[in-house]
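Heads up: the protein sequence lines correspond to chains A and B, in order.
Each residue of the first sequence is one higher than the one before, counting from 32 in the numbering used here.
Each residue of the second sequence is one higher than the one before, counting from 32 in the numbering used here.
This report refers to the structure that appears directly beneath it.
Number of protein chains: 2
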Amino acid sequence: MMPTAPKIRLLTGFEATRAFIEARPLLDEYEATPALRASIERLFGEALTPDQVVERILREVRAQGDEAVRRYAALIEGAPLDELRVSEERIEQAWERTLPELRDALQTCADRIRAFHEKQPVTSWLDWDTTGSALGQMILPLERVGIYAPNGRAPYPSSLLMAAIPAQVAGVHEVVVATPPRDGELSDVILAAAHIAGVREIYPLGGAVAVGALAYGTASIPGVDKILGPGNLFVVLAKRRVYGVVGIDQLPGPTETLLLADESADPAWLAADMLAQAEHDPMATAMLITTSQHLAQVVRREVATQMPTLSRREVIAESLASRGAIAVVGSSDEALELANLFAPEHLCLLLRDPWQWVGKVRHAGGVFVGEYASEALGDYAVGPTHVMPTGRTARFSSPLQVWDFVKITSVFGPSAEQARDLTGAAVTVAEAEGLTAHAAAMRKRFQEGERR
Amino acid sequence: MMPTAPKIRLLTGFEATRAFIEARPLLDEYEATPALRASIERLFGEALTPDQVVERILREVRAQGDEAVRRYAALIEGAPLDELRVSEERIEQAWERTLPELRDALQTCADRIRAFHEKQPVTSWLDWDTTGSALGQMILPLERVGIYAPNGRAPYPSSLLMAAIPAQVAGVHEVVVATPPRDGELSDVILAAAHIAGVREIYPLGGAVAVGALAYGTASIPGVDKILGPGNLFVVLAKRRVYGVVGIDQLPGPTETLLLADESADPAWLAADMLAQAEHDPMATAMLITTSQHLAQVVRREVATQMPTLSRREVIAESLASRGAIAVVGSSDEALELANLFAPEHLCLLLRDPWQWVGKVRHAGGVFVGEYASEALGDYAVGPTHVMPTGRTARFSSPLQVWDFVKITSVFGPSAEQARDLTGAAVTVAEAEGLTAHAAAMRKRFQEGERR
Numbered sequence: 032m033m034p035t036a037p038k039i040r041l042l043t044g045f046e047a048t049r050a051f052i053e054a055r056p057l058l059d060e061y062e063a064t065p066a067l068r069a070s071i072e073r074l075f076g077e078a079l080t081p082d083q084v085v086e087r088i089l090r091e092v093r094a095q096g097d098e099a100v101r102r103y104a105a106l107i108e109g110a111p112l113d114e115l116r117v118s119e120e121r122i123e124q125a126w127e128r129t130l131p132e133l134r135d136a137l138q139t140c141a142d143r144i145r146a147f148h149e150k151q152p153v154t155s156w157l158d159w160d161t162t163g164s165a166l167g168q169m170i171l172p173l174e175r176v177g178i179y180a181p182n183g184r185a186p187y188p189s190s191l192l193m194a195a196i197p198a199q200v201a202g203v204h205e206v207v208v209a210t211p212p213r214d215g216e217l218s219d220v221i222l223a224a225a226h227i228a229g230v231r232e233i234y235p236l237g238g239a240v241a242v243g244a245l246a247y248g249t250a251s252i253p254g255v256d257k258i259l260g261p262g263n264l265f266v267v268l269a270k271r272r273v274y275g276v277v278g279i280d281q282l283p284g285p286t287e288t289l290l291l292a293d294e295s296a297d298p299a300w301l302a303a304d305m306l307a308q309a310e311h312d313p314m315a316t317a318m319l320i321t322t323s324q325h326l327a328q329v330v331r332r333e334v335a336t337q338m339p340t341l342s343r344r345e346v347i348a349e350s351l352a353s354r355g356a357i358a359v360v361g362s363s364d365e366a367l368e369l370a371n372l373f374a375p376e377h378l379c380l381l382l383r384d385p386w387q388w389v390g391k392v393r394h395a396g397g398v399f400v401g402e403y404a405s406e407a408l409g410d411y412a413v414g415p416t417h418v419m420p421t422g423r424t425a426r427f428s429s430p431l432q433v434w435d436f437v438k439i440t441s442v443f444g445p446s447a448e449q450a451r452d453l454t455g456a457a458v459t460v461a462e463a464e465g466l467t468a469h470a471a472a473m474r475k476r477f478q479e480g481e482r483r
Numbered sequence: 032m033m034p035t036a037p038k039i040r041l042l043t044g045f046e047a048t049r050a051f052i053e054a055r056p057l058l059d060e061y062e063a064t065p066a067l068r069a070s071i072e073r074l075f076g077e078a079l080t081p082d083q084v085v086e087r088i089l090r091e092v093r094a095q096g097d098e099a100v101r102r103y104a105a106l107i108e109g110a111p112l113d114e115l116r117v118s119e120e121r122i123e124q125a126w127e128r129t130l131p132e133l134r135d136a137l138q139t140c141a142d143r144i145r146a147f148h149e150k151q152p153v154t155s156w157l158d159w160d161t162t163g164s165a166l167g168q169m170i171l172p173l174e175r176v177g178i179y180a181p182n183g184r185a186p187y188p189s190s191l192l193m194a195a196i197p198a199q200v201a202g203v204h205e206v207v208v209a210t211p212p213r214d215g216e217l218s219d220v221i222l223a224a225a226h227i228a229g230v231r232e233i234y235p236l237g238g239a240v241a242v243g244a245l246a247y248g249t250a251s252i253p254g255v256d257k258i259l260g261p262g263n264l265f266v267v268l269a270k271r272r273v274y275g276v277v278g279i280d281q282l283p284g285p286t287e288t289l290l291l292a293d294e295s296a297d298p299a300w301l302a303a304d305m306l307a308q309a310e311h312d313p314m315a316t317a318m319l320i321t322t323s324q325h326l327a328q329v330v331r332r333e334v335a336t337q338m339p340t341l342s343r344r345e346v347i348a349e350s351l352a353s354r355g356a357i358a359v360v361g362s363s364d365e366a367l368e369l370a371n372l373f374a375p376e377h378l379c380l381l382l383r384d385p386w387q388w389v390g391k392v393r394h395a396g397g398v399f400v401g402e403y404a405s406e407a408l409g410d411y412a413v414g415p416t417h418v419m420p421t422g423r424t425a426r427f428s429s430p431l432q433v434w435d436f437v438k439i440t441s442v443f444g445p446s447a448e449q450a451r452d453l454t455g456a457a458v459t460v461a462e463a464e465g466l467t468a469h470a471a472a473m474r475k476r477f478q479e480g481e482r483r
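Now the structure itself:
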């Protein structure tokens, strides 16, 4: 096999690196590829945008329920659905077919994910004052959530574990999964992961059909309260549209890893980490920012050396060429500043004394501290979820975790004495807002002649 | 003034009450009123839907920045904008014009809101194991948030406090406010509330123009990371569309109060609470579910008696007639079951021993415990925010609170020993997913001949 030197852009200096980072598209600026547009036109008989496809599917699933679900599933998969819900037998069969080593590996990952999320502090609280007033927040688990487990480019059983287990730790009553067939077949390994996670309610649906069925419910598929998990463009567009009817977790875009390294880092490991990131998807971003010109050169050569042996080298070459970069900057402080501008899904610190830099991170889905914290290991077995914010959304959103599966109810329990004390101020503001019935309702509690 | 008996529907029995609750529209089923449609056609010269108006405004604000902001603000307000940012002088002037009693009242409310949110446990954590691995979650405040302060039917300075103060407690670096003029004038009392909250960056913008400017940023208005706070239909539609570019808190719909009462409750207080709720908006829901037929009758008479003296009696009559209800059911357990089906923004327990029922609440934005916990008092001065989930979204979302203003970064810090222990399982799953470069990146750390 001929080693083909992958194309990867080299950037020099803070300003050039900043310009590259700032030019990255936001989530809603991705365009449908020509192949996707052609496939839509073939299936729907007209040149719809992906968002128009999603709008139509959601509208019809909402109005027509199972009938529309079956029709669109057949159209998209090219074959009619056998069953709207995966049978117990099919799940058992998948489990039986799973090799013991893989079963054990999935169980190890599941145990780690559970242990991590069980440590997350998520508790109700109530605070009394001396007048007997009690105020606080009651935390309740969601009742029924739907998790999307993609099965497109590859089956991702790990994603199912990464979402279903935090849901269970939160105490969610019913966790259901939607996962599409590929070439007419569900993924055994995704079903095996569902088995390990204790999920028995699985719908063989994908894309906007799955999101619509879970959001609105049909005769056969009871609706959920929230839809979570990664997915392709159609899943993301559909989640945005059903938000408000149900909750959603986030709008995931293409995955990103930003590696920061100084000359203490091992270039072969850095190259391996870039290749791992790049194999996800042609739209994945693998980027290294380093203070060492020498390291940059060696990493680049290592990428060329390691790549030819990898099974997904074509995807890797495409993503490195279109979105990858190796940048050399003047200091680790500059590198951190650029990382905060990037707000990457994964930020890996292969710097000397890496912990000293953690406190300077302002925006990242996850920070991977030190050379043994490979992003690949974090994708499976460290414990925190791998479902993390992308596309600069780490500025305002969080990895999937227990808070995604609970909600807060505020508890207002003022005593009569506290209510009396506060009524004057509250009435004054209510009247300034013109809400005189609010003022009257508060005053009525303390009027002469009232029974207390 | 002639007391007009308000129309309010009476429901008897669990099933009739359930049918009424289930027939409530979801957030995305509200239709534009004829008046709104006429006003759109007058302003835009064509019969656009509200969502089409929002799409157009957002697109142009994104592409053209300040120019589009000025153009649409002038179109909607009917007069050109004086300035794109409210001057310090204007804020000072508003403060000077605010009566001392109102200043003090706003300060009292602000102090209560701050004290409540300071008690909310929101902390980073890091957990070490015996191998030196450290895993945890780093909680960081958002850097820059935009709060929408409505000034439509009434100015709501309280809403500004209810959102800006939790932001400050969370440690948000920059809190900015958008609030539209009404009849060409900003609200003094909203500016006074901003003054108390320490907000000095205020944009005199409303609706989709405000949301677009804050989401995308313009030459004069730096973009924010998240947009929060209640607003009208255009604000809600715009927030849904910009979600992903920025974060949003929730999609608020019309406000709702559900009162549960047994014969121990004071019917005059219940009537006052229903009237207070109904005065918000013709779309507001005020509903009472009681076990006492007698109480239901007396409350209805009390509503008729108290209403004529209230300044907003026309709004009240409209909302009670269209969306209000008094229901009589067989037991307090039935009432609670219906409340959970409703998932109301405000749930008021005017039941004997009210605390015993709190643990049975499964879905509510806030629970108001006992007769002194009037919803009106909670709107201003108790401490928890009044920005709460409506339209059944309490099934999956929470009142505004400190978690809305922070985000989590997962910290992955496995030691070499832990990484070695986990690599086998992680490699097995990676290979099952076909991600061989992931497997290679993990293995590389522990290959013979590697430097460690």
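We put the CB at the ideal spot given by N, CA and C, even for glycine.
Quick caveat: nothing in here was measured; it's all calculated off a predicted structure.
Neighbour flag for residue i against chain A, beta carbons, 9 Å
| i | result |
| --- | --- |
| SER189(B) | yes |
| MET314(B) | no |
| LYS257(B) | yes |
| ALA407(B) | yes |
| LEU367(B) | no |
| ILE347(B) | yes |
| ALA136(B) | yes |
| ASP158(B) | yes |
| TYR179(B) | no |
Neighbouring residues, chain A, relative to residue i (Cβ below 8 Å)
| i | result |
| --- | --- |
| ARG393(B) | LEU171, GLU174 |
| LEU133(B) | THR459, VAL460, ALA463 |
| ASP304(B) | ALA472 |
Assigned secondary structure, residue i (DSSP; H/G/I helix, E/B strand, else coil)
| i | result |
| --- | --- |
| SER218(B) | coil |
| PRO34(B) | Confidence in PRO34(B) is poor, its pLDDT being 49 and thus under 50, which makes the residue's placement unreliable; the coordinate value appears in the next sentence. If DSSP states are grouped into helix, strand and coil, PRO34(B) belongs with coil. |
| MET169(A) | strand |
| SER342(A) | coil |
| GLY409(A) | helix |
| GLN478(B) | coil |
| ALA438(B) | A small correction: the amino acid at residue 438(B) is Lys; Ala does not occupy that position in the sequence shown. In this structure, LYS438(B) counts as strand in the three-state DSSP scheme. |
Beta-carbon neighbours of residue i, restricted to chain A and to distances below 9 Å
| i | result |
| --- | --- |
| VAL398(B) | MET169, THR440, SER441, VAL442, PHE443, GLY444 |
Counted within 10 angstroms of its Cβ, other Cβ atoms place residue i as buried (16 or more) or exposed
| i | result |
| --- | --- |
| LEU157(A) | exposed |
| ALA50(B) | exposed |
| ASP297(B) | buried |
| ASP435(A) | buried |
| ALA250(B) | exposed |
| PRO152(B) | exposed |
| PRO56(A) | exposed |
| SER441(B) | buried |
Residues that residue i contacts on chain B, provided the C-beta gap is smaller than 9 Å
| i | result |
| --- | --- |
| ALA244(A) | Near ALA244(A) there are no residues of chain B at all, since even the closest Cβ is about 16 Å away, more than 9 Å. |
Segment limits, beta strand (DSSP E) that includes residue i
| i | result |
| --- | --- |
| MET318(B) | 316-321 |
| TYR179(B) | 175-179 |
Neighbour list for residue i in chain B, Cβ cutoff strictly below 8 Å
| i | result |
| --- | --- |
| SER295(A) | Result: empty, since nearest Cβ-Cβ is about 11 Å, beyond 8 Å. |
| LEU341(A) | THR467, ALA468, ALA471 |
Below-9 Å beta-carbon distance, residue i vs any chain B residue
| i | result |
| --- | --- |
| LEU67(A) | no |
| THR139(A) | yes |
| PRO81(A) | no |
| PRO34(A) | Per-residue confidence for PRO34(A) stands at a pLDDT of 49, beneath the threshold of 50, marking its modelled position as unreliable; no derived number is given. |
| GLN337(A) | yes |
| LEU326(A) | no |
| LEU289(A) | no |
Residue interval of the alpha helix (DSSP H) (run including residue i)
| i | result |
| --- | --- |
| ARG93(A) | 81-95 |
Per-residue contacts from residue i into chain B (C-beta, under 7 Å)
| i | result |
| --- | --- |
| MET473(A) | SER405, ALA407, LEU408 |
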